[in-house]
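Residues 35 to 141 in this note's numbering are what the sequence shown lists, from first letter to last.
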Amino acid sequence: MEVNFTYIVRIYLSSFLNLVMFKWTNFAKEPQVVISFLNYLHNHKVCPEYEEDMQMALQIAHKAKEELPNCKALAQNAPGKLNKACSLLFGGELYGMLDDPWNGEEM
Numbered sequence: 035m036e037v038n039f040t041y042i043v044r045i046y047l048s049s050f051l052n053l054v055m056f057k058w059t060n061f062a063k064e065p066q067v068v069i070s071f072l073n074y075l076h077n078h079k080v081c082p083e084y085e086e087d088m089q090m091a092l093q094i095a096h097k098a099k100e101e102l103p104n105c106k107a108l109a110q111n112a113p114g115k116l117n118k119a120c121s122l123l124f125g126g127e128l129y130g131m132l133d134d135p136w137n138g139e140e141m
């Protein structure tokens with residue numbers, strides 16, 4: 035059975051961004067949990083045959099520690115008011131959201 039630490043860390047941290055139930059502080063702390071876990075595995079020589087893969091996963095987790103809070107901030111602040119207005123008016127994702135289906139239409 036092949037273990038791919040890099041793949042697991044990438045998938046876990048990228049899917050973590052989409053979870054809304056976590057507070058801001060968790061977006062900075064969660065990569066640190068992954069870093070600590072990988073360091074534990076390294077220090078205790080749990081999987082020496084996967085050392086290179088663990089180091090790559092560790093680099094990704096360190097990068098996510100910087101980038102994950104920024105991505106969450108962007109996701110919460112985008113789209114802006116102009117983008118939402120254009121979407122409502124010009125057939126975007128929000129088009130028709132403010133229409134009144136009960137106002138003059140038969141069901």
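Note that the Cβ used here is the ideal one computed from N, Cα and C, for glycine as well.
Secondary structure of Ala112 (DSSP, three-state): coil. For Lys99, the closest of Ser49, Met88 and Phe61 by C-alpha to C-alpha distance is Phe61.
When DSSP states are grouped into helix, strand and coil, Cys120 belongs to the helix group. DSSP, read as helix, strand or coil, puts Glu85 in helix.
Leu108 and Leu72 have their C-alpha atoms spaced approximately 28 Å apart. In its chain, beyond the 5 residues on either side, no residue has a beta carbon closer than 7 Å to the beta carbon of Phe124.
Closest by C-alpha distance to Gly126, out of Asp133, Leu132 and Lys118, is Lys118. If the five residues before and after Thr59 are omitted, its C-beta is found closer than 6 Å to no C-beta atom of its own chain. A residue is called buried when at least 16 other Cβ atoms come within 10 angstroms of its Cβ; Val37 does not meet this threshold and is exposed.
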